[in-house]
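To keep things clear, I will list the structure first and then write my remarks on it.
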Amino acid sequence: FFFFFNFFFFFFFFFFFKKKKKYIYIYIYIKLMGLTYKDTHIFPKTSFQEFAFSIINRYPNPFAPHIKSVDIISRKLLPNGEGKENKKLMFTRLIRKIGSLPKWTPSFLRITDSFILETVIVSPEKQLIQSRQQNLDHTHYLKVIEVNKYEYIPNGGYIKQTSDVEFISEVNHKIEGDQDTNNSKKSMWERLSSRVHFGDAIERFSLNSYNKRILKSREGIIWKLEYYKLKQSLFNNSLNNEKKDELLSI
Numbered sequence: 016f017f018f019f020f021n022f023f024f025f026f027f028f029f030f031f032f033k034k035k036k037k038y039i040y041i042y043i044y045i046k047l048m049g050l051t052y053k054d055t056h057i058f059p060k061t062s063f064q065e066f067a068f069s070i071i072n073r074y075p076n077p078f079a080p081h082i083k084s085v086d087i088i089s090r091k092l093l094p095n096g097e098g099k100e101n102k103k104l105m106f107t108r109l110i111r112k113i114g115s116l117p118k119w120t121p122s123f124l125r126i127t128d129s130f131i132l133e134t135v136i137v138s139p140e141k142q143l144i145q146s147r148q149q150n151l152d153h154t155h156y157l158k159v160i161e162v163n164k165y166e167y168i169p170n171g172g173y174i175k176q177t178s179d180v181e182f183i184s185e186v187n188h189k190i191e192g193d194q195d196t197n198n199s200k201k202s203m204w205e206r207l208s209s210r211v212h213f214g215d216a217i218e219r220f221s222l223n224s225y226n227k228r229i230l231k232s233r234e235g236i237i238w239k240l241e242y243y244k245l246k247q248s249l250f251n252n253s254l255n256n257e258k259k260d261e262l263l264s265i
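Residue numbering for the sequence shown follows the numbering used here, starting at 16 and increasing by one per position.
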C-alpha cells in the first residue's frame, strides 16, 4: 500500500511541477529525512521537586518491565549562567532494554537486548528538565532520537511536557545478499527507491507503536510521583511522631 501511495505521490509532483525541479528535490528531501512525532502532555498537581525526583529515579517502575538495567555513566554540575551559586545537574545513563520487531524484519534484527543512551539536564533555577535519548545499536536500520522538555508552570502548578521524536531508517529493500553495502555510492533516486520500500515500513511501524510506548512511559512517571509523595508523607509523619515523643518525655 505504501509503495503505491509513494509512487502516485511522486508522479503527481513530477507531472504538475516538472518545470520546477525544486519541488521534486523537496519531495526527495522529505522522503530521506525520516518520520517525526510531536506531542505535548500535562502532568497536573505536582511541584518541580516532586517531578524532578520522578525523572531522576524513573526506573524501575511497574510500567517499564522491558527495562532491565540502568547504569549512570557520568554526573556533573554545570554553571547555570545566572550566578556562581546557581547550578544545573547533568547526568548520562545507559539503559538496557528488551524489545521485539515484527516477523517481516530480518532475523538478525530481532534481537532481545538493546541499549539506549540518555542525557538529562535538570535546571532548578529555571524549573526545567531536558532529556535526550538515542539507541546505540543497529542505527543504520533504525535510529530513534527522542527529545523531551519538562517545564514547570508555577501559576497552574503543573508540568508541561513537549516531545519531539525522529525515526530514521537508511536500510534498503535488498538487505540480505546485497553486494553494494556502500550507501554513499548510490544515487539519490536509488536511495529514494530504497526508502519507499523497507525503510519506510520500519519507520512507520516504529511511529505507530511509539504512541503506546509513550503512554506507558507517562504512567511510569505518574507512578513515581505518587511513590515520592507517599514517601514524603511517611517521612513527615515519622518526624511528627518523634516530636510528640520528645514533648511527652519532658
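No residue lacks a Cβ here, since even glycine has one placed at the ideal position from N, Cα and C.
Same chain, Cβ closer than 7 Å to residue i, five either side skipped, listed in chain order
i	result
proline 59	Tyr173
isoleucine 88	Thr107, Arg108, Leu109
glycine 171	none
asparagine 72	Lys239
Per-residue DSSP class, three states only, for residue i
i	result
tyrosine 243	helix
tyrosine 74	coil
leucine 151	coil
glutamine 142	coil
tyrosine 44	A caution first: tyrosine 44 carries a pLDDT of 45, below 50, which makes its placement in the model too unreliable to give a value.
asparagine 251	helix
asparagine 226	helix
Cβ neighbours of residue i in the same chain (closer than 6 Å, five flanking residues each side left out)
i	result
isoleucine 131	Ile110, Gln148, Asn150
leucine 143	Glu166
valine 162	Arg147, Asp179
glutamate 234	Phe78
Same chain, Cβ closer than 8 Å to residue i, five either side skipped, listed in chain order
i	result
glutamate 218	Gly49, Leu50, Leu157, Phe182, Ile183, Ser184
proline 55	One detail in the question is off: residue 55 reads as threonine in this sequence, not proline. Cβ neighbours of threonine 55 beyond the five flanking positions: Lys175, Gln176, Thr177, Ser178.
Host beta strand (DSSP E) of residue i (start-end)
i	result
asparagine 95	Careful: asparagine 95 lies outside any beta strand (DSSP E) and carries neither H nor E.
tyrosine 173	173-183
threonine 61	Neither: threonine 61 is in no beta strand (DSSP E) and is coded neither H nor E.
tyrosine 156	Segment: none, tyrosine 156 is in no beta strand (DSSP E) and carries neither H nor E.
Check: residue i C-beta below 7 Å from any heavy atom of the ligand ZN
i	result
asparagine 76	Because no ligand of any kind appears in the structure shown, any question about the ligand ZN cannot be addressed here.
Do the stretch 61-75 and the stretch 219-227 touch if we need at least three Cβ pairs shorter than 8 Å? no
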